[in-house]
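These notes are about the structure you will find just below.
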Amino acid sequence: LTLQNALRYALEREELFLCYQPLLEANTQKITGVEALLRWQHPTFGLISPIEFIPLAEESGLIIPIGEWVLETACRQSYQWQQQGLMPIRMAVNLSVRQFNQPDLIERIVNVLKQTGLSPHWLKLEITESLAMNCATKTVQTLKILKSLGVHLAIDDFGTGYSSLSYLKQFNLDILKIDRSFIADMSTQNDITLVTSLIKMAHGLNMQVVAEGVETEQQFNLLRANGCDFVQGFFFYKPLVEKEMTQLLQRCR
Ligand code: G
Ligand code: G
Ligand code: MN
Ligand code: NA
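Residue 443 is where the sequence shown starts when you use full-length UniProt numbering, and the numbers rise one by one after that.
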């Protein structure tokens, strides 16, 4: 049995689940959002990382139903937390390239929001650099419509792909997420310069900045001192299962 075949049944056998990793406002260290992160618990293969199975899902087209499940589950969860009177936070969902390029993407997102009751204001979509760079005209158009719905938009893993800064300007995104590889390397002056320049550039383009993969207090202090808006990483919280995340929000009341 190959992983590819097993993935075909993962949805109906309910082997997929979401973890939630908190995002904090750098100045106050208050939780303002979470990122939904997909996990696959297979009965014999064990816990499989999305790094392994997202590419398979993309190849086979399974990413469409899986991505739809992720979006719906995340939005439903977010609405549920709000209904429970917990502190309102923004839910971030990763979109893969193939998912973003679906002709009926907008319709699907509108439908999920309607079905789950979540206001678009509380949804953030994370797209990757590579996605953003192919077929720019269509991308700009799609992003514009999404933004007009009130959904927040982030460019993820920034700095790892091929970025064209002129595209970035046109995309008019809300958030730039600096890839964790830059944060990990922030012990050298060159890398500190790079990160602080990225923060300034993003602010100049009217974007807020999330640093991902923050693992140490030193990294956090440097980021905060240089105006980074939000932080995410093991120094604060690992991705949490639903029950842990709910308990954390209950403590934030
Ligand atoms: O959570 P983790 O560090 O294992 O995630 C590894 C990679 O998988 C990251 O690049 C992350 O963006 C991606 N990923 C996690 N969940 C999803 C998802 O629901 N959809 C897509 N397309 N990618 C995801
Ligand atoms: O590509 P994306 O940003 O969506 O990926 C998020 C991934 O980063 C998740 O798989 C998550 O588990 C992982 N991650 C989150 N915080 C940290 C961290 O502090 N260090 C490392 N190494 N990985 C992290
Ligand atoms: Mn992400
Ligand atoms: Na990332």
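All C-beta atoms, glycine included, are put in the ideal place defined by N, C-alpha and C.
Quick one: what's got a C-beta closer than 8 angstroms to residue i's C-beta in the same chain, skipping five residues either side?
i: E657; result: I625, A626, G675, F676 and F677
i: Q612; result: A578 and V582
i: H484; result: A448, A452, E457 and I490
Quick check on DSSP: helix, strand or coil for residue i?
i: V535; result: strand
i: T558; result: helix
i: L607; result: helix
i: D633; result: helix
i: C461; result: strand
i: L565; result: strand
i: E686; result: helix
i: Q522; result: helix
i: F662; result: helix
i: V673; result: strand
i: Q541; result: helix
i: G527; result: coil
i: E549; result: helix
i: G509; result: helix
i: E657; result: coil
i: Q475; result: Checking the sequence, you will find Gly at residue 475 rather than Gln. Looking at G475 - three-state DSSP - the assignment turns out to be strand.
i: V593; result: coil
i: F487; result: coil
i: E467; result: strand
i: T570; result: strand
Just the Cα atoms here: how many angstroms apart are residue i and residue j?
i: T630; j: L664; result: 12 angstroms
i: Q557; j: S623; result: 37 angstroms
i: N632; j: A468; result: 22 angstroms
i: G655; j: D621; result: 8 angstroms
i: A452; j: L498; result: 13 angstroms
i: residue 697; j: R540; result: In the structure as shown, the chain begins at 443 and stops at 695. Residue 697 is therefore absent and cannot be evaluated.
i: L588; j: I548; result: 7 angstroms
i: I508; j: S502; result: 11 angstroms
i: E684; j: G488; result: 19 angstroms
i: V552; j: N543; result: 16 angstroms
i: Q471; j: L691; result: 14 angstroms
i: N648; j: A667; result: 19 angstroms
So, for residue i: in the same chain, excluding its five sequence neighbours on each side, which residues have a beta-carbon less than 7 angstroms away from its beta-carbon?
i: M628; result: I634, V637, Q661 and L664
i: L504; result: L449 and R450
i: A516; result: L460, A478, M533 and V535
Who are the near neighbours of residue i in its chain, counting only those whose CB is closer than 6 angstroms to its CB and skipping five residues on each side?
i: L537; result: L567 and I569
i: V651; result: L618, I641, A644, C670 and D671
i: P464; result: I473, V476 and Y679
i: G601; result: D621 and F624
i: L573; result: V539 and F542
Practice item. Report all residues for which the CB-ligand distance to some heavy atom of ligand 3 is below 5 angstroms; order them along the chain. Key: N536, E568 and D598
Review point. Counting Cβ pairs, one atom from each stretch, are 3 or more of them under 8 angstroms apart for the stretch 521-535 and the stretch 488-500?
Key: no
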